[in-house]
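Right, one structure below, let's go through it.
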Amino acid sequence: MAESPAFESPVVKRYKAATGALTLSDASAATKWLVRGPEAGAVADRLGASFGSSCAAEGGALVLGSRPGEWIVVGVPGAVAETVAGIDGPEQSDFVTALDWTHGRALFRVTGADAPRMLEKVCSLDWSDAMTPDGAVTSASVAKVTCDIARNDVDAKPSYLIFCDRSFGQYLFDALIDAGDEFGLSVAPADP
Amino acid sequence: MTMSRLGTARPTEVVDRSSKVRFRWNGKRFSGFEGDTIASALAAAGEHVFSRSMKYHRPRGILTADYWDPNLMVQVGDDPNVRAGHRLLEAGMDVRAQNVWPSLHRDIKALNGLVGRFLTAGFYYKTFMRPAWLWPTYERVLATFAPGGRIDPDTPHRYHDKRYTHPDVVVAGAGPAGIEAALAASAAGARVLLVEHEHAVGGHLRYSSSASARAALAELRAALDASDVEVLTDSTVTGRYEDNWLAIVQRSHPIAVERLIKARAKMLVVAPGLIERPYVFAGNDRPGVITSGAARRLINLWGVRPGERAVVFAANSAGDAAAADLDRVGVEVAAVIDGRDHRRVSAAQGSPKAVEAVLAGGSRIEADLLVVAAGWTAPTSLLNMAGDRPVYDPAAARFFASDPPGNVLVAGGLAGDGSLDELRAHAAATGRLAAQRAAAVAHRLQARTARARPAEGAEPAWAPDERTPLDRDPHPELYRSDTHGMVDFSEDVGSKDLVAAAREGYDSVELAKRYTTATMGPSQGKLETVNTVAAIAEARGETIAEVGTTVWRPPFAPITLGALAGRVFEPVRVSSIQPWHEANGVTTILAGQWVRPDHYGDPAAEVRNVRTNVGLIDVTPLGKLDLRGPDIPKLLNLLYTNKWSKLAVGKVRYGMMCAEDGVVLDDGVTGRLGPDHYLMTTTSSGAGAIWEWVENWLQTERPDWKVHVTPVTTAYVSINVAGPKARELVGRVSEGVDVSPEAFAYMEVRTATVAGVDGCFMWRIGFTGELSFEIHAPAGHGLHVWEALMAAGKDLGVGPFGLEAQRIMRLEKGHFIVGQDTDGLTLGPSTGLSPLIKLDKDDFAGKPELAWATERRLPVIVAIQPDDAGVVPAEASQIVRGETNEILGRITSSRLSPTLGRSICLGQVEPELAAGGTKLTVLLTSGERISATVMDHHAHFDPAGERLRG
Chain A
1 MAESPAFESP VVKRYKAATG ALTLSDASAA TKWLVRGPEA GAVADRLGAS
51 FGSSCAAEGG ALVLGSRPGE WIVVGVPGAV AETVAGIDGP EQSDFVTALD
101 WTHGRALFRV TGADAPRMLE KVCSLDWSDA MTPDGAVTSA SVAKVTCDIA
151 RNDVDAKPSY LIFCDRSFGQ YLFDALIDAG DEFGLSVAPA DP
Chain B
1 MTMSRLGTAR PTEVVDRSSK VRFRWNGKRF SGFEGDTIAS ALAAAGEHVF
51 SRSMKYHRPR GILTADYWDP NLMVQVGDDP NVRAGHRLLE AGMDVRAQNV
101 WPSLHRDIKA LNGLVGRFLT AGFYYKTFMR PAWLWPTYER VLATFAPGGR
151 IDPDTPHRYH DKRYTHPDVV VAGAGPAGIE AALAASAAGA RVLLVEHEHA
201 VGGHLRYSSS ASARAALAEL RAALDASDVE VLTDSTVTGR YEDNWLAIVQ
251 RSHPIAVERL IKARAKMLVV APGLIERPYV FAGNDRPGVI TSGAARRLIN
301 LWGVRPGERA VVFAANSAGD AAAADLDRVG VEVAAVIDGR DHRRVSAAQG
351 SPKAVEAVLA GGSRIEADLL VVAAGWTAPT SLLNMAGDRP VYDPAAARFF
401 ASDPPGNVLV AGGLAGDGSL DELRAHAAAT GRLAAQRAAA VAHRLQARTA
451 RARPAEGAEP AWAPDERTPL DRDPHPELYR SDTHGMVDFS EDVGSKDLVA
501 AAREGYDSVE LAKRYTTATM GPSQGKLETV NTVAAIAEAR GETIAEVGTT
551 VWRPPFAPIT LGALAGRVFE PVRVSSIQPW HEANGVTTIL AGQWVRPDHY
601 GDPAAEVRNV RTNVGLIDVT PLGKLDLRGP DIPKLLNLLY TNKWSKLAVG
651 KVRYGMMCAE DGVVLDDGVT GRLGPDHYLM TTTSSGAGAI WEWVENWLQT
701 ERPDWKVHVT PVTTAYVSIN VAGPKARELV GRVSEGVDVS PEAFAYMEVR
751 TATVAGVDGC FMWRIGFTGE LSFEIHAPAG HGLHVWEALM AAGKDLGVGP
801 FGLEAQRIMR LEKGHFIVGQ DTDGLTLGPS TGLSPLIKLD KDDFAGKPEL
851 AWATERRLPV IVAIQPDDAG VVPAEASQIV RGETNEILGR ITSSRLSPTL
901 GRSICLGQVE PELAAGGTKL TVLLTSGERI SATVMDHHAH FDPAGERLRG
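Protein chains in written order, with this note's numbering: chain A, 1 to 192; chain B, 1 to 950.
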């Protein structure tokens, strides 16, 4: 059987890649799984992130407590596979399901000291360190698109992962570029 | 009134005399300096008339020289109603007077003044009521008298921005009290947003001549610069809503003409200062009659001498300061009339450029400037919006806060009087109190928000208000002299109008306001509310406290529609195949938020190709829900009207969903992919609503059921391969699946590898009536799969088809569309799918209503063909009884069928008309009536379904 073709990002426009104090990158190719189960119990203990928070799994995947009893596991394929391996199925005492959500969700990363101010233009949440600290996970409307958002700082700089329905990907990417324009946002190369 | 630029710069001046700015005023060239407002530049150039009044077109000059000045509304380019007292001068501005003809100085509409005594309050209501049929004519004529500037509909949209913020403390007003409160709150650890209406912070200190005031301002500015306080100038807190949700309009921003800031503040400090109100006397609206604040601003901010010879009516220290400033810059102060000694100005008279002050008692003083300092309006709007009902203090002659909620504090002149040091000390205490209370709110929010940093320790106690109240300076109650004059300069409402209104029975301030329109103009009551109340109180023989004020509602200051609209976010959705569509001549259609291929040039040709060869359509928006868990059959039995317990793995079933009232909600197919794994499809438009519907049932009614539902609409690209050669094409690109009719029958589902892409679902269903394979491929490989199908089918004549071709083919096949052929009243049995309504099931959504509905005679969806095959009735055309207008149904869908070469329709008709062969009369939109025939089947084409099942 032939190998699967390359992943096609929802962001199809071409941007001049650059780096700067505030960057936006497309990380849609990352593997994403959605796990659902009881809010408390074996699966919650195994994944480690309670609702509203995130943590790094042993294999390096990032686990987001996206809703009560719901987790998003994101990362490179092997790391995610390690985290979700055998997590669901009839052998589990609790009712747990896990599905590959890679193709259903676009994923972008915004990084920089001005990232909170940029997000203030497209989202009504409080981005202060007290209300949305590093590791926080939430859901909100971003430029009128429902998104899951995780703060995941990079090199001590505020950084946010923004997940949205894949079909909104190009629209939201452009809306974020527009919002970041006054802060000198540049489009960084796609996040591996 | 002869105004001119002072020869020597004032120490408080904000203009840069080295930077000249050229602009035009009513077509003539003028110049001012950087830092000038439009009004100050014109005043410095000797202009003394800036507008005409709304009703009587009386000449108007500077009154307050600030944002609130009702006489300084001008047109700047395409921008109407610009406040020349506030808008800063820009090079190349084209400034014009509004609503004057033929010119500002010779305005023919000033003739209204001659009949002014007939244009009293309620004139329009009384005069233009009868005869009613003439109202359109009245309206046309009256429209020519409408005030305001001109709006050019072709003006390009400008960039209006939006921002959300969550400061601990918002301070509204950056006078000395506001700055002090902001600094104190910030020093106490609060995140503070300081909002100033003017272009710079400092309030009245900015235009005070005293060295101590200048020193205090410098000190405050330096402290502000060194602090973490975020300062917004030229911005207004324009509304306060529940829980300190504040609307702030930021008028100056580098990237936007305006930015609407939605701030959720934990505490609000209201410190807008006081607004000087005019005094009512005959001629008080003449050019040359100005407030003391206007005189001081002109002199000290912009270096403009406001006249040559002045009379000052001073009832307070602001009047004294104005007299001193006038004297300081060489204006002859002919007299200071001290209102504190019960002396009064009775009237202003004179020629256009002179003002003769007539004093009570009859003595006259010639001058060209009459400066009035008669008292203050407390702008309590934000307090009103917070639910407070300010109370009037006759000793201080102004309103004060009553009992605002605990998250709203008051500082500055709104709170009381005192020395600058006393006001600053009170404001600092206010800032500290605000910070303390904000900390308690922040603690509560952190403790209750899952994502927040855990709150440390116990919630801080709600800090008590232990501030020492400010004193209140006595002030004479000066509202109207012994003559009548203008109360509302914006609306041309005089004290005489208000007295007349009260006599006519409009004696409540709220009624009088609406009847006379006093306080309803661009000044929004800032200058005229208290004088309005005073006039009504006088007419009623009551006190101001007894009359009370109108309720101030948002906005605090007028707000543009552009600012309210903010940035227009219009999300659109596209499938992964969109780049291919765009590269291949697609014409798109916006369906909900989806950008979908409507056609690729010739929908009829697309239909013929599908009927003859094979076509591909991108149906990605088709709603898809991934269902997992052992209780899925129970869920499906609950949601659909038909039965689902025995659906085998690999099988697909059609179902119809009805709401609790029996109305058709959605329809689609659901396939069983594994023992506890199903894929449900919904209509494209219903995808979101049905997900919520399913979750609602699971979360609120059946939380014990083990089912997880995940929307996967765009996780998969959905491609329908339709046509007699579909099997051949799909077989060429698929692995791991036998596509022969024996192995893969109609209404079955398989997992397959398509074009090398694993994890695709493929099912034998279709909407076109043709042999169809619907492929759902992981979206990240969707374009690849589509392109592979197109490449593999070249020799088969494969081509894309769009939504229009699909709609034609589904109509040929007689498939109804929920929302198109049904409506909000269409009950399940009307669809003709009664066999799918299984009333013998234990329970399902809508069962009681459907049981009842099956006993009723309901409209029925039927296929209809016009007898004239070339006539296509417009959708929604009525089906009527003969030559009457009795409605018996309507056409719900209609097209010209390329396959049949004739027009075809679906429609809803009364049940007695539903039998095949029944003749109908269709009323076309042209008014013509045509005959049509009800068909035996829904399907106009291949009613036996041989092609579909092939």
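In this text, a Cβ means the ideal position worked out from N, Cα and C, and glycines have one as well.
task = Starting from Thr-714 of chain B, find everything on chain A with Cβ-Cβ shorter than 7 Å and list it in chain order.
result = Gly-104, Asp-165, Arg-166 and Ser-167
message = Does the stretch 72-83 of chain B come into contact with the stretch 146-161 of chain B, if we say contact requires no fewer than three beta-carbon pairs (one atom in each stretch) closer than 8 Å?
response = yes
inquiry  = Extract the residue ranges of the beta strand (DSSP E) inside the stretch 380-438 of chain B, only unbroken runs of 3 or more that lie entirely within it.
reply    = 391-393, 398-400 and 408-410
task = List the residues that DSSP assigns as beta-bridge partners of Glu-332 of chain B.
result = B:Arg-309
ask   = In whole angstroms, what separates the C-alpha of Tyr-56 of chain B from that of Ala-500 of chain B?
value = 18 Å
request  = Please decide whether Met-524 of chain B counts as near chain A, where near means a Cβ-Cβ distance under 9 Å.
outcome  = The question names Met, yet the displayed sequence has Gln at residue 524 of chain B. Taking Cβ atoms only, chain A never reaches closer than 9 Å to Gln-524 of chain B, which makes this a no.
key: Reference Leu-635 of chain B; option with closest CA among B:Trp-594, B:Ala-184, B:Asn-609 and B:Glu-701   = B:Glu-701
request  = Can you check DSSP and say which residues form a bridge with Gln-524 of chain B?
outcome  = DSSP lists no partner for Gln-524 of chain B.
Alpha carbon of Ile-577 of chain B to alpha carbon of Thr-587 of chain B, nearest angstrom = 14 Å
query = Going along the stretch 428-458 of chain B in order, which residues come within less than 9 Å of chain A, judged by CB to CB distance?
reply = Ala-442, Leu-445, Gln-446, Thr-449, Ala-450, Arg-451, Ala-452, Arg-453 and Ala-455
query = Are the Cβ atoms of Asp-368 of chain B and Val-355 of chain B separated by less than 9 Å?
reply = yes
task = Excluding the 5 residues preceding and the 5 following Gln-593 of chain B in the sequence, name in chain order all residues of the same chain whose CB lies nearer than 6 Å to its CB.
result = Pro-571, Val-572 and Arg-573
Residue interval of the alpha helix (DSSP H) (run including Thr-529 of chain B) = 529-540
message = To the nearest angstrom, how far is the alpha carbon of Ala-461 of chain B from that of Ala-177 of chain B?
response = 26 Å
ask   = Helix, strand or coil: which one does DSSP assign to Gly-623 of chain B?
value = strand
request  = Drop a sphere of 10 angstroms on the beta-carbon of His-342 of chain B, count the other beta-carbons inside from all chains shown, and report buried for 16 or more, exposed for fewer.
outcome  = exposed
query = Between Val-229 of chain B and Ala-265 of chain B, what straight-line distance do the alpha-carbon atoms span, to the nearest angstrom?
reply = 14 Å
ask   = Is it a yes or a no for the stretch 758-765 of chain B touching the stretch 803-810 of chain B, going by three-plus beta-carbon pairs under 8 Å?
value = no
inquiry  = Using the three-state DSSP reduction, which class does Gly-65 of chain A fall into: helix, strand or coil?
reply    = strand
key: 9 Å Cβ cutoff met for Leu-625 of chain B and Ala-845 of chain B   = no
inquiry  = Quick check: Arg-472 of chain B and Phe-400 of chain B, are their CB atoms within less than 9 Å of each other?
reply    = yes
request  = Kindly indicate which three-state DSSP category Ala-172 of chain B falls into: helix, strand or coil?
outcome  = strand
query = Interface residues of chain A around Leu-783 of chain B at Cβ under 8 Å?
reply = Glu-8
query = Under the three-state reduction of DSSP, which class applies to Tyr-124 of chain B: helix, strand or coil?
reply = helix
task = Pull up the DSSP beta-bridge partners for Glu-258 of chain B, would you.
result = B:His-160
task = Within 10 angstroms of the Cβ of Val-649 of chain B, are there 16 or more other Cβ atoms? Answer buried if so, exposed if not.
result = exposed
query = DSSP state of Pro-10 of chain A, grouped into three classes?
reply = coil
request  = Using a cut-off of 8 Å between C-beta atoms, extract the partners of Ser-576 of chain B located in chain A.
outcome  = Glu-8, Pro-10 and Arg-166
key: Local conformation of Trp-594 of chain B per DSSP, three classes   = strand
message = Are the CB atoms of Phe-941 of chain B and Glu-812 of chain B within a distance shorter than 9 Å?
response = yes
message = In whole angstroms, give me the CA-to-CA distance for Thr-483 of chain B and Ala-357 of chain B.
response = 13 Å
key: When B:Ala-373, B:Arg-389 and B:Ser-363 are compared against His-959 of chain B, the one with the closest alpha-carbon   = Residue 959 of chain B lies beyond the residue range present for chain B, which begins at 1 and ends at 950; the question has no answer from this structure.
ask   = So, are the CB atoms of Val-76 of chain B and Arg-60 of chain B less than 9 Å apart?
value = no
Within chain B, the residues that Thr-132 of chain A reaches when beta carbons sit closer than 8 Å = Arg-451 and Ala-452
ask   = Residues in its own chain within less than 6 Å of Val-237 of chain B by CB, not counting five upstream and five downstream?
value = Ala-172, Val-195, Leu-246 and Ile-248
task = Report yes if the C-beta distance between Leu-420 of chain B and Ala-213 of chain B is below 9 Å; otherwise report no.
result = yes
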